[in-house]
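**Q** Start counting the sequence shown at 297; every next residue gets the next number (my numbering). Glycine included, each C-beta is placed from N, C-alpha and C at the ideal position.
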Amino acid sequence: MRTPQRQRVRVVVRGAVQGVGFRPFVYRLATELQLAGWVSNSAQGVFIEVEGARDLLNRFLLRLEKEKPPRAVLQTFESSFLDSVNYSGFEIRESEDSGQKTALILPDIATCADCVREIFDPADRRFHYPFTNCTNCGPRFSIIEALPYDRAHTSMKAFTMCVDCEREYHDPQNRRFHAQPNACPRCGPQLQLWDVRGQIIASQDEAFRQAVESVRAGRILALKGLGGFQLIVDAKNEAAVLQLRERKHREEKPFAVMVSSLKAAQELCRVSELEERLLLSPETPIVLLERKQAALLAPSVAPGNPYLGVMLPYTPLHHLVLHSLGIPVVATSGNLSDEPICIDERDALERLRGLADVFLVHNRPIVRHMDDSIARAMAGREMVLRRARGYAPLPITLTSDFRLPTSDGVLALGAHLKNTVALRLGENVFVSQHIGDLETAQAYTAFVKSAADLPHLYEAVPQLIACDMHPDYLSTKHAAHFSAPVRLVQHHWAHIAACMAENELAPPLLGVSWDGTGYGEDGTIWGGEFLSIDAVEFTRTAHLRQFRLPGGEAAVKQPRRSALGLLYEIFGEQLWAQDDLLTGFDPSELSLLRQMLEKKVNAPLTSSAGRLFDAVAGVIGLRSHASFEGQAAMELEFAVQPGIEVAYSFLVREESPLVLDWQPSVLEMIDDLGKGETRAMISGKFHNMLAEMIVAVARRTGLDKVALSGGCFQNRYLTERTIDRLCAEGFRPYWHQRIPPNDGGISLGQIVAATMFAPR
Ligand SMILES: [Zn+2]
Ligand SMILES: [Zn+2]
Ligand SMILES: [Zn+2]
297 MRTPQRQRVR VVVRGAVQGV GFRPFVYRLA TELQLAGWVS NSAQGVFIEV
347 EGARDLLNRF LLRLEKEKPP RAVLQTFESS FLDSVNYSGF EIRESEDSGQ
397 KTALILPDIA TCADCVREIF DPADRRFHYP FTNCTNCGPR FSIIEALPYD
447 RAHTSMKAFT MCVDCEREYH DPQNRRFHAQ PNACPRCGPQ LQLWDVRGQI
497 IASQDEAFRQ AVESVRAGRI LALKGLGGFQ LIVDAKNEAA VLQLRERKHR
547 EEKPFAVMVS SLKAAQELCR VSELEERLLL SPETPIVLLE RKQAALLAPS
597 VAPGNPYLGV MLPYTPLHHL VLHSLGIPVV ATSGNLSDEP ICIDERDALE
647 RLRGLADVFL VHNRPIVRHM DDSIARAMAG REMVLRRARG YAPLPITLTS
697 DFRLPTSDGV LALGAHLKNT VALRLGENVF VSQHIGDLET AQAYTAFVKS
747 AADLPHLYEA VPQLIACDMH PDYLSTKHAA HFSAPVRLVQ HHWAHIAACM
797 AENELAPPLL GVSWDGTGYG EDGTIWGGEF LSIDAVEFTR TAHLRQFRLP
847 GGEAAVKQPR RSALGLLYEI FGEQLWAQDD LLTGFDPSEL SLLRQMLEKK
897 VNAPLTSSAG RLFDAVAGVI GLRSHASFEG QAAMELEFAV QPGIEVAYSF
947 LVREESPLVL DWQPSVLEMI DDLGKGETRA MISGKFHNML AEMIVAVARR
997 TGLDKVALSG GCFQNRYLTE RTIDRLCAEG FRPYWHQRIP PNDGGISLGQ
1047 IVAATMFAPR
């Protein structure tokens, strides 16, 4: 990868890092690696900025965790790559205690090494106790009801500490000093195993033992975890995995697996140093890893997918289950397709009826749902694709360029898909956990709850509401429930604003916002947008050529419909005579779609890059039906082989805005198909063309900073190729790190756009 040589990395760590020699350690490490910058303490954690060559910065990040002083424990570890500001030398700065005083609520933290040791030590009083935790680890955001963070304000309030736990809690020398969820087998939450009618089958250790046996026997276990129910099956048992797919109505979308150790992950997948750090981090997300050929898992776990989502155990219960089973398990959210996960056992019995065979439950209430987070390595950095457990609700802190005096209590309601909400208090934007697609009553309820939850927790009254421009989004409609003024923010502009905020990027710059669909200012469906950002507003500088989607939204599940619309845009009426391009449609269906296109009825125009991916997958026959949005685009990405340098042609049409015309590429593609060219080559040339389009627009605007956002930039090949090409041509690309490029980042972008830029 070609990225700028000298960069800056900002690291924020929280945990037991004060008074344990952490700052001197950072100083020694930075100076040994010849990095410039500083380290400082504040009430919000230890802040580090280091600057230097990219490779050395990566070394620094890896060694920071691995070589930290023995008594230092990291509860959260966030890093972002930023532009260099030319520090010279390294210094330990005075503690900063000015600035924002908002209390931080920590995310749930994976079980620490000390607690893991205890639960496997037969001599310890917490041997095999699934709710073991300490000041350094355990539940936080998922159990807190109000601030300040005291036991009385958590769902642990129903449990009274026994004498031993009480002693630990009050002893400043103890690891459990003021550990709010502190518990032991005598006084804390307990396990039960239930059958599908909610009858108790077994309790405590016996419940655990029988739950493990049922997974081993190929049954589906609903496990009440940290932030909700998970469905667990033996990942090597094809019949069991297939049954889970059938019952969950989830045909092909890949499942994540949980394995007992890093070594077990390495048996299944290639794991880079960065990926290893992510797997073992206190956030413990699902990490998308490249599978090894011979990975011995049931084929239905992630059919046709070269990647596997892998995570390590992050609660004592998961450690115990995985250790006892000794095999990888599928661990997927306990829900029907796109609903939020269940958090309550009575609700779970109802909603997971017919999905699970047995229920392993406990009596510690979950206050708010928290899915497993998903991260991947992208261009040598971490990219969070789903931000929930381990990350939420840590704030994104805006730099001075983004600060306005009147920006307290701004609430953003997010998008329709992959919804999150966000609250701005001064310099901090608190982004909620992933809520999901607002397409079911459950998801909508979870959204309404979260939109009330964040202001309630931080005792803020929203002064301004930001939401999407789409008049039909439930999130937009919900804005009317507040008495504060409402600002509508265009969807693709919000994507770019989010990318600017987390990269500390001030205008002017070019934003490339590519995704599935978003409501455009002209009422058409946008999704392949180039926005020039200046200090006041954005201008739509260019977009991909539009085409019609016969049947509208139905095209999302049928890439061949996008293909038909695309081909009709090129060939017009002559398309209907080209039988070789129309295979796979039955005559009555084709005649219906033809009418839609010809009469322009129920066939909206779109400039969407996501639908262009679908159309291309349809044209080359890779996929005619999709079982989830983005599936065709994913397969197109997977089809690419590295090392392809050629690209298809395109045109830049000199209109205002500029139009990037893909027509030459589609004609060349059809030609290639006729010649029997491989899909790897066709897909490679297509991806490369998209990167060239971005370079072409960047050249014309003369803006050297280019921000890449929108769901399309989850595509690793596209993103890395674009970064590479932009750097080679002298531009400076920026992409997402801590906030998802997909619609999970929209709420942050809405806040930035609504508070920093003029209304339109
Ligand atoms: Zn611990
Ligand atoms: Zn106790
Ligand atoms: Zn979007």
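#1: Would you identify the three-state DSSP class for V412, choosing helix, strand or coil?
#2: Please check the pair E798 and S375, which I expect to be a contact at CB under 8 Å, by giving their CB distance rounded to whole angstroms.
#3: Using DSSP bridges, identify the partner residues of C763.
#4: Short check: CB of F843 to CB of V912, under 7 Å?
#5: If the criterion is Cβ atoms closer than 7 Å, does the pair E534 and A598 meet it?
#6: Between the beta-carbon of A652 and the beta-carbon of I496, is there less than 7 Å?
#7: In the DSSP output, which residue or residues are listed as bridge partners for L519?
#8: Which class does L999 belong to by DSSP, given the choice of helix, strand or coil?
#9: Ordered along the chain, which non-local residues of its own chain (more than five positions away) have a Cβ less than 6 Å from that of W810?
#10: Can you check DSSP and say which residues form a bridge with C565?
#11: So for P320, helix, strand or coil by DSSP?
#12: Anyone know if the C-beta pair for T902 and I966 falls short of 7 Å?
#13: My guess is that S771 and L713 are in contact by the Cβ rule of under 8 Å, so how many angstroms apart are they, rounded?
#14: DSSP three-state label for A498, please.
#15: Am I right that T348 and L331 are in contact with their C-beta atoms under 8 Å? What's the rounded C-beta distance?
#16: Going by CA-CA distance only, name the one from Q1010, E572, R996, L1014 that's closest to G980.
#17: Using beta-carbon positions only, say whether L954 and A838 come within less than 7 Å of one another.
#18: Taking the Cβ atom as the reference point for each residue, do P691 and V654 lie within a distance shorter than 7 Å?
#19: Can you tell me whether S577 is buried or exposed? The criterion is at least 16 other CB atoms within 10 Å of its CB, across all chains shown.
#20: Would you grab the beta carbon distance between I670 and A531 for me? Rounded to a whole angstrom, and I think it's under 8 Å.
#21: Buried or exposed, going by whether 16 or more other CB atoms sit within 10 Å of the CB of G888?
#22: Whole alpha helix (DSSP H) runs in the stretch 718-767 with 4 or more residues, listed along the chain?
#23: For a test of the three-state rule: what should DSSP assign to C1023, helix, strand or coil?
#24: Taking the straight line between their C-alpha atoms, what separation do you get for Q340 and V308?
#25: So, with DSSP's three-state summary, where would you put S596?
#26: Name the residue from S568, L621, S633 whose alpha carbon lies nearest to the alpha carbon of R505.
#27: For a test of your reading of the model: does the CB of C483 fall under 6 Å from any non-hydrogen atom of ligand 2? Yes or no.
#28: Can you tell me whether R664 is buried or exposed, with buried defined as 16 or more other CB within 10 angstroms of its CB?
#29: Beta strand (DSSP E) containing I866: first to last residue?
#30: Quick one: complete alpha helix (DSSP H) runs, 4+ long, within the stretch 956-1012?
#31: On the premise that A756 lies in contact with G1045, defined as a C-beta separation below 8 Å, what is that separation, rounded to the nearest angstrom?
#32: Give the DSSP-derived three-state secondary structure of L1014 in the structure shown.
#33: CB-CB under 7 Å to G514, same chain, minus the five flanking residues each way: which ones, in chain order?
#34: Strictly by DSSP, which residues pair up with N715?
#35: If you follow the beta strand (DSSP E) that G605 is in, where does it begin and where does it stop?
#36: Output the residue ranges of the alpha helix (DSSP H) runs that lie fully inside the stretch 786-846 and measure 4 residues or longer, sorted by chain position.
**A** Taking the definition as stated:
#1: helix
#2: The Cβ separation is near 12 Å, so there is no contact.
#3: L784
#4: no
#5: no
#6: no
#7: Q526, L656
#8: coil
#9: G824, A905, G1006, C1008
#10: R587
#11: helix
#12: no
#13: That pair is no contact at about 10 Å.
#14: strand
#15: For the sequence presented, residue 348 should be read as Gly rather than Thr. Yes, they are in contact, since the Cβ atoms of G348 and L331 sit about 4 Å apart, within 8 Å.
#16: L1014
#17: yes
#18: no
#19: buried
#20: Not quite, the Cβ-Cβ distance comes to about 17 Å (not below 8 Å), so this is no contact.
#21: The sequence shown places Leu at residue 888, rather than the Gly named in the question. L888 comes out exposed.
#22: 737-753
#23: helix
#24: 9 Å
#25: helix
#26: L621
#27: yes
#28: buried
#29: I866 -> not in any beta strand (DSSP E); alpha helix (DSSP H) instead, spanning 855-867.
#30: 959-970, 975-997
#31: Contact doesn't hold; Cβ gap of about 20 Å is too wide.
#32: helix
#33: D530, N533, A535, A536
#34: G732
#35: 603-607
#36: 787-798
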